[in-house]
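Below is one structure, written out as structure tokens; the observations come after it.
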Amino acid sequence: MKNKNNKPHYQFRRMAILSVFALAIAGLFWRALDMQVINRPFFKQQGDARHLRVVPVSAHRGDIYDRNGEPLAISTPVDSVWANPKEIKNDLHRVTEIAKTLKINAQHLKNKLVKNSNREFVYILRQVSPDIGEKVKALSIPGIYLQREYKRYYPAGEVTSHVIGFANVDDKGQEGLELAYDDWLSGEPGSKRVIRDRLGQVIDDVERISAAEPGKSVRLSIDRRIQYLAYQSLKSAVKKQKAIAGSAVVLDVQSGEVLAMVNQPSFNANDRSQLKPGVYRNRSVTDVFEPGSTMKPFTVAAALETGRWHPKDNVHTEPGYYKVQGSMIKDIRNYGKINLEEIILKSSNVGISKVALSLDKEQQLDMYMKLGFGVNSGSGFPGERNGNLRSMRLSEFERATMSFGYGLSVTPLQLARAYSAIAANGVLYPVSFLHRDEPIEGEQVMSEATAKKVRRMMERVVSPEGTANKASIANYRVAGKTGTMHKFISGGYAKDRYLSVFAGMAPASNPRLVMVVMINEPRNGQHFGGLVAAPVFSKVISGALRLLDIPPDNLKYTMNPLEKNSTKNVAEKLDQNSRQKIINAKGKSA
Amino acid sequence: MIWIIIALLVVAVMGSAIGVIYSKHQTRKIFVNLQKIYKQIDDLDIEWGQLQLEQSAWSSHGRIEKIARKKLQMTLPKANEIIYIKQ
Numbered sequence: 001m002k003n004k005n006n007k008p009h010y011q012f013r014r015m016a017i018l019s020v021f022a023l024a025i026a027g028l029f030w031r032a033l034d035m036q037v038i039n040r041p042f043f044k045q046q047g048d049a050r051h052l053r054v055v056p057v058s059a060h061r062g063d064i065y066d067r068n069g070e071p072l073a074i075s076t077p078v079d080s081v082w083a084n085p086k087e088i089k090n091d092l093h094r095v096t097e098i099a100k101t102l103k104i105n106a107q108h109l110k111n112k113l114v115k116n117s118n119r120e121f122v123y124i125l126r127q128v129s130p131d132i133g134e135k136v137k138a139l140s141i142p143g144i145y146l147q148r149e150y151k152r153y154y155p156a157g158e159v160t161s162h163v164i165g166f167a168n169v170d171d172k173g174q175e176g177l178e179l180a181y182d183d184w185l186s187g188e189p190g191s192k193r194v195i196r197d198r199l200g201q202v203i204d205d206v207e208r209i210s211a212a213e214p215g216k217s218v219r220l221s222i223d224r225r226i227q228y229l230a231y232q233s234l235k236s237a238v239k240k241q242k243a244i245a246g247s248a249v250v251l252d253v254q255s256g257e258v259l260a261m262v263n264q265p266s267f268n269a270n271d272r273s274q275l276k277p278g279v280y281r282n283r284s285v286t287d288v289f290e291p292g293s294t295m296k297p298f299t300v301a302a303a304l305e306t307g308r309w310h311p312k313d314n315v316h317t318e319p320g321y322y323k324v325q326g327s328m329i330k331d332i333r334n335y336g337k338i339n340l341e342e343i344i345l346k347s348s349n350v351g352i353s354k355v356a357l358s359l360d361k362e363q364q365l366d367m368y369m370k371l372g373f374g375v376n377s378g379s380g381f382p383g384e385r386n387g388n389l390r391s392m393r394l395s396e397f398e399r400a401t402m403s404f405g406y407g408l409s410v411t412p413l414q415l416a417r418a419y420s421a422i423a424a425n426g427v428l429y430p431v432s433f434l435h436r437d438e439p440i441e442g443e444q445v446m447s448e449a450t451a452k453k454v455r456r457m458m459e460r461v462v463s464p465e466g467t468a469n470k471a472s473i474a475n476y477r478v479a480g481k482t483g484t485m486h487k488f489i490s491g492g493y494a495k496d497r498y499l500s501v502f503a504g505m506a507p508a509s510n511p512r513l514v515m516v517v518m519i520n521e522p523r524n525g526q527h528f529g530g531l532v533a534a535p536v537f538s539k540v541i542s543g544a545l546r547l548l549d550i551p552p553d554n555l556k557y558t559m560n561p562l563e564k565n566s567t568k569n570v571a572e573k574l575d576q577n578s579r580q581k582i583i584n585a586k587g588k589s590a
Numbered sequence: 591m592i593w594i595i596i597a598l599l600v601v602a603v604m605g606s607a608i609g610v611i612y613s614k615h616q617t618r619k620i621f622v623n624l625q626k627i628y629k630q631i632d633d634l635d636i637e638w639g640q641l642q643l644e645q646s647a648w649s650s651h652g653r654i655e656k657i658a659r660k661k662l663q664m665t666l667p668k669a670n671e672i673i674y675i676k677q
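Line by line, the protein sequences are chains A and B.
The C-terminal position of the first sequence is numbered 590 in my numbering, with every residue numbered one higher than the one before it.
The C-terminal position of the second sequence is numbered 677 in my numbering, with every residue numbered one higher than the one before it.
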């Protein structure tokens, strides 16, 4: 370093450069301090906003089961494909790939994305199966996302569609029990935070902010097997009779549970294109009709309750018509002198009118009211009608017509419920669409003796001498009543349009099932309730009795298995095409 | 003396740093596992739904009735063909 002393000392220059460096370092320090300490929350938030995102987690909607645990409505996970048109702008050429995967029109989709290019959320296709969702994800196109949703399936389809109703694409109940129990069925959606990459794809879950609360499931009172039977039988009857509509309701006598409820025409809730207003109306609870002759047993019950009438008391119905306050009540022919039992058997309007007018107005109407006519059945079904029962300012004539079911209106469910009171020895239970585990308290609306007497009368209706022999079921005693009503259309009763009704119960000795069948406007020549509606009853209830293992109460022939050659005897008897037999395992003839 | 304390503190700091790294690693591993399980739940859910649907399709009453009647030639026994065994 010889030159050391020769070099000039640029003291000032050195200081200047050093201070510039010092300033730069101070600046850097300040910037670091600013970002790391003072403004840290702001920058963190900005950073998170660019890659963290809170997304909703849809909740599983509760399933609906029948009384035996068979599924009637279930939700399965599906994916909905949506796009953020703002992000996809630069990749519009890839839209064709998505369209191809989803099998939708590419041009259509492109237009949709362009049209909504200032939005941030557009559904491309909702509710695709998870494997198609996977394929869309594999395309990894920026701005295309999947959202987990649940799709509702109705395994029994059109068989249960009126009762179950349906939920919309957003999993909200729209009709039927899906609507009635929506709060119970629908879950609470949760949310989670996720990390997105540069392309906006979700790459990782960070945390679950709140877990999705799944909805609770519902166990209905419906028995899917009986429901199917009722559906098939009603459908073929409506078709055969060329009728415009029909309804059928089966109730469990001892609990008021609805075992089956079907209507025609029906629809399949799985196919949304079939959801046209009107077709999904549950006619069994939303449509009212005049009950006609099916009302007569209740009038008779009111008469028996007074104690002034007995089943064998006679009424004169000659000459086949009866003038009340200048208006005429007619029978189809002159029945002459008949007793109370025969009034039901032959369905005499004149007879029942005379019986009704022999009662006080209160005695007659109280019975109707106690049986639930004109008031809600308590089923909680959305859109249920109350029917109409007028009790104020009734003329004698109106009271007489009410006794045979004109001038008041009921729903098929109400009628079935009223019949269940006769079946349950006079106890009326609230109806329910939910399975009941415990017995429920009913209300005694008529004495047990009265109920039994009325049932006895109605058994004769189903016997060969009555109007509804087609409702009979082999080996079981059946009680019931037919009704054939002229339809009330604007201006009066139509001469050639009918409602055919049958209401019945079995086994009559200790009824377990009540069923009402209503066929609206049969147009195939027949219109009597005993010919049109009664066969449906027989078909459904005979099947239901078998399915529910209800023992027969009308076996005519018994035999003792401990007898010598009993098996052989039985076989012989079978070969001879003989009647029914009981083998009593304990050796006693039953 | 002071050097010993400093050395101990250094060791402690290092130790806790390693501990942080380790626990973070564990958290990640468990989280990844959790995600896997969530995915599994999801997949099982999908499968369960599909199986339920499949089962109800196979066991639909219409189908069973058709097979019983057409293929297996089954009929409901008539009233006079039934023997009731009563206890």
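Glycine included, C-beta positions come from ideal geometry on N, C-alpha and C.
At the level of alpha carbons, what is the spacing between Ala59/A and Glu188/A? If I take the Cα positions, the gap works out to 6 angstroms.
Local Cβ density within 10 Å of Phe166/A, reported as buried at 16 or more and exposed below that: buried
Over what stretch of residues does the alpha helix (DSSP H) that includes Pro77/A continue unbroken? Per DSSP, Pro77/A belongs to no alpha helix (DSSP H); it is in the beta strand (DSSP E), Pro71 to Ala83.
Specify the secondary structure class of Gly442/A as computed by DSSP and reduced to three states. coil
For Val57/A versus Gly190/A, is the C-beta spacing smaller than 8 angstroms? Taking 8 angstroms as the cut-off, the beta carbon of Val57/A is found closer than this to the beta carbon of Gly190/A.
Starting from Ile332/A, follow the beta strand (DSSP E) in both directions and report where the run begins and ends. Element bounds for Ile332/A: n/a, residue is neither H nor E.
Which value, in whole angstroms, describes the spacing of the CA atoms of Val453/A and Val159/A? Checking the displayed sequence, the identity of residue 453/A turns out to be Lys instead of Val. The straight-line gap from Cα to Cα measures roughly 36 angstroms.
Let me confirm a value: Ser117/A is counted as buried when at least 16 other C-beta atoms fall within 10 Å, else exposed. Which label applies? Burial is judged here by how many other beta carbons sit within 10 angstroms of a residue's own beta carbon; Ser117/A has fewer than 16 and is exposed.
According to DSSP, is Ser348/A part of a helix, a strand, or is it coil? Reduced to three states, the DSSP call for Ser348/A is coil.
Taking only three categories from DSSP, how would you classify His435/A? coil
Per-residue burial, Val536/A [other beta carbons within 10 Å of its own, 16 or more giving buried]: buried
Using only CA atoms, which one of Ile489/A, Leu548/A, Thr482/A and Arg546/A lies nearest to Val532/A? Thr482/A
Nearest CA to the CA of Gly62/A: which residue from Glu521/A, Leu177/A and Gly383/A? Leu177/A
Is there at least one Cβ from chain A nearer than 8 angstroms to Gln625/B's Cβ? yes
Going by the DSSP bridge assignment, what does Gln264/A pair with across the sheet? Gly246/A
Excluding five sequence neighbours on each side, which residues of the same chain lie with their C-beta closer than 7 angstroms to the C-beta of Arg119/A? Closer than 7 angstroms at the Cβ level, and outside the excluded window around Arg119/A, lie Pro85.
Do you know offhand how far Leu33/A's Cα is from Ala83/A's? 40 angstroms
Against chain B, does Tyr153/A count as a neighbour if the rule is that its beta carbon must be under 8 angstroms from one of theirs? yes
Length of the line joining the Cα atoms of Val478/A and Val279/A: 33 angstroms
Entirely within the region 149-197 of chain A and at least 3 residues each: give me those beta strand (DSSP E) ranges in chain order. Listed in chain order, the complete beta strand (DSSP E) runs (minimum 3 residues) inside the region 149-197 of chain A are 173-175 and 190-196.
So that I know if they touch, is there some Cβ in chain A lying closer than 8 angstroms to that of Ser613/B? no
Please identify the residue among Leu340/A, Val128/A and Asp66/A whose C-alpha is closest to the C-alpha of Gly351/A. Leu340/A
Compute the minimum distance between the beta carbon of Val603/B and the heavy atoms of the ligand NAP, and state whether it is under 7 angstroms. As presented, the structure is devoid of all ligands, the ligand NAP included, so that no description of it is given.
I'd like to know whether the C-beta atoms of Thr76/A and Tyr150/A end up nearer to each other than 8 angstroms. yes
Could you name the residues of the same chain whose beta carbon sits closer than 7 angstroms to that of Ala494/A, not counting the 5 residues immediately before and after it, in chain order? His486 and Lys487
DSSP has Leu513/A in a bridge; who is on the other side? Asp252/A and Ala506/A
Measuring CB atoms only, is the region 323-342 of chain A touching the region 433-451 of chain A, in the sense that at least three cross pairs come out at less than 8 angstroms? no
Cβ separation of Arg152/A and Ala73/A, assumed to be a contact under 8 angstroms, to the nearest whole Å: Contact between Arg152/A and Ala73/A holds, since their C-beta atoms are separated by about 6 angstroms, short of 8 angstroms.
State yes or no: is the beta carbon of Ile74/A nearer than 8 angstroms to at least one beta carbon in chain B? yes
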